[in-house]
Structures are given as C-alpha cells and as structure tokens.
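A quick write-up on the structure given underneath.
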Amino acid sequence: MSGRTLRGRTSSNLGRVYLFAHETLRVEAERLFRDDLPKYWQRICAWANEHRLRGWAADTPGYLLAPYGRQLLALGETEMLAALAADPARHDRMYEHERSDAAAHAEILALRTALMQQPPQSLNLAALSKLAIAEQRL
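Counting in this note's numbering, the sequence shown runs from 373 upward without gaps.
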C-alpha cells in the first residue's frame, strides 16, 4: 500500500527520503491531521534549536540545512528563518554538506523576497540588513 501513497528516493545530501506520491495526498494528510501538526512542528523546531545551540555540528541532519528553511518560509515563519538564514555557522555546515553555497543563497533570496512583500511600515530592516551581511559573507 505504501508504494502507492509514498515514494522513496535517495538524495545525495539527505540519504533516503520519502515523499507523497501525489500532491493531493499531502494536502489531504494535512487536512486530516491539522489538529496534531502544531505539536509535531514544535518538536521539530525544538530539535532544530538544539542543533543551533550546538553550533550546527557535523552530525546536524541534512533536513535542518535546507528543507527546514523552505518549510519555515512556507509556514510564514520569517523571523525564525531570518535567524537561521543569517547564521554563519549554519552556512559553513551547509557548505560542507552540499559543497556549494547555492542552498544558502537560495534561502536568503527567498526570505528577502518574502520580507520585501511586507507593507513598508512593517519591513524588518534588521533582518534584511543581517541577510545582506550573510550574503556578502558567502
């Protein structure tokens, strides 16, 4: 049954990953489990924070280096992502993991685009400044 609902693939940087076989399945799962998702999301954020506090050590899971940032952005968690996207230690770990700064650049660009869509009076200038510094560092 799982072969029809989940697809496994091997990612060069994440290892074995599983995805819903069709987008409709993901949407339906989110609808069915919407009341449970916040508590699991809190656990994921706490897990990520543990790795942040450890300085993004070599055993940091690949999910926390790129997919997690995309998930934060999709959920509108721009403040959390701003802290991660400007973290030099995380960028160094991303580079070691990917052998490229492309994921860090993409994350900064996506976040900057989202932040710039805010009304002028709501612009987070501190976050935008930190992103500019982080991008220059890369």
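Ideal placement from N, C-alpha and C gives every residue a C-beta, glycine not left out.
Residue nearest to Q443 in terms of C-alpha spacing, selected from T485, A461, E479: Translated into positions along the sequence shown, residue 443 becomes position 71. Closest option to Q443, Cα to Cα, is E479.
Contact set for M373: own chain, Cβ-Cβ below 8 Å, skip 5 residues either direction: One-based indexing of the sequence shown puts residue 373 at position 1. Residue placement at M373 is poorly supported in this model, since its pLDDT is 44, which falls under 50; the coordinates are not used for a value here.
Proximal residues to L445 (C-beta, below 7 Å), its chain only, five neighbours per side dropped: For the purposes of this step, residue 445 is taken as the residue at position 73 of the sequence shown. Once the five neighbours on either side are set aside, the close Cβ partners of L445 are L453, A482, L483, A486.
Simplified DSSP state of H463, which is helix, strand or coil: By 1-based counting over the sequence shown, the position of residue 463 is 91. Here H463 sits in helix by DSSP.
Classification of T511 by the beta-carbon crowding that lies within 10 angstroms, buried from 16 upward: Only positions 373 to 510 of the chain appear in the structure, and residue 511 is not among them; the question remains open.
Residues that DSSP places opposite L437 in a beta bridge: Along the sequence shown, read from residue 1 onward, the residue named residue 437 stands at position 65. The partner list for L437 (beta bridge, DSSP) is empty, contrary to what the question assumes.
Pick from T382, R376, R406, R381 that is closest to H394, judged by C-alpha positions: Within the sequence shown, numbered from 1, the residue matching residue 394 stands at position 22. With distances taken between Cα atoms, H394 lies closest to R376.
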